[in-house]
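In what follows, a single structure is set out as structure tokens and then discussed.
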Amino acid sequence: MKLQGSALRLTIFVGESDQWHHKPLFTEIVHRAHQAGLAGATVLRGVEGYGASNHVHTTRILSLSEDLPVVILIVDDEARIRGFLPILDELIGEGLVIVEPVEVIRYVGRDHQVSR
Numbered sequence: 003m004k005l006q007g008s009a010l011r012l013t014i015f016v017g018e019s020d021q022w023h024h025k026p027l028f029t030e031i032v033h034r035a036h037q038a039g040l041a042g043a044t045v046l047r048g049v050e051g052y053g054a055s056n057h058v059h060t061t062r063i064l065s066l067s068e069d070l071p072v073v074i075l076i077v078d079d080e081a082r083i084r085g086f087l088p089i090l091d092e093l094i095g096e097g098l099v100i101v102e103p104v105e106v107i108r109y110v111g112r113d114h115q116v117s118r
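If you use the working numbering, the sequence shown corresponds to residues 3 to 118, in order.
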């Protein structure tokens, strides 16, 4: 079965070394999203990037960085995403947050395996 509909995608860009009370900021954001009842959250660690500091961070061996970019993705309905934004105001000191409309297609309840 497919569930479809409109939603919002919340994309949060922070640094890997950003902290919240001695814990990684991305961990705190995921825990707060879970507590808020959001549908799910995914954290992706970047291999290279730069932001407001204009300093390139990379995983390349000759220029190892301790502050790689981290992206947190959350998709849910508009009311839940908008309700979560004040929590981000509390947590994020420096970063970028993008809210954009998306169409969700979610597959659930597959009783059979796809043959290959």
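All C-beta atoms in this analysis are idealised placements derived from N, C-alpha and C, irrespective of residue type, glycine included.
Find out if the Cβ-Cβ distance for the pair residue i, residue j is shorter than 8 angstroms.
{"i": "residue 74", "j": "residue 41", "result": "no"}
{"i": "residue 7", "j": "residue 106", "result": "yes"}
Would residue i be called buried (16 or more neighbouring beta carbons within 10 Å of its own) or exposed?
{"i": "residue 17", "result": "buried"}
{"i": "residue 27", "result": "buried"}
{"i": "residue 97", "result": "buried"}
{"i": "residue 14", "result": "buried"}
Rounded to a whole number of angstroms, what is the C-alpha to C-alpha distance between residue i and residue j?
{"i": "residue 35", "j": "residue 9", "result": "16 angstroms"}
{"i": "residue 89", "j": "residue 20", "result": "16 angstroms"}
{"i": "residue 11", "j": "residue 108", "result": "14 angstroms"}
{"i": "residue 71", "j": "residue 23", "result": "19 angstroms"}
{"i": "residue 47", "j": "residue 69", "result": "10 angstroms"}
{"i": "residue 65", "j": "residue 50", "result": "Bear in mind that a pLDDT of 49 at residue 65, under 50, signals an unreliable position, so the number given afterwards is only what the model happens to contain. Cα to Cα, the separation comes out at about 11 angstroms."}
{"i": "residue 110", "j": "residue 82", "result": "21 angstroms"}
{"i": "residue 80", "j": "residue 99", "result": "15 angstroms"}
{"i": "residue 32", "j": "residue 45", "result": "8 angstroms"}
Whole-angstrom Cβ separation of residue i and residue j, contact assumed at under 8 angstroms?
{"i": "residue 119", "j": "residue 104", "result": "The structure shown has nothing for residue 119, since the chain only spans 3 to 118."}
{"i": "residue 30", "j": "residue 93", "result": "6 angstroms"}
Looking at residue i and the ligand NAD, is the gap between the Cβ and the nearest heavy atom below 7 angstroms?
{"i": "residue 69", "result": "Because no ligand of any kind appears in the structure shown, any question about the ligand NAD cannot be addressed here."}
Next item on the list: Run through the segment 25-111 for me and flag every whole alpha helix (DSSP H) of 4 or more residues, listed as ranges in chain order.
Entry: 27-37, 80-93
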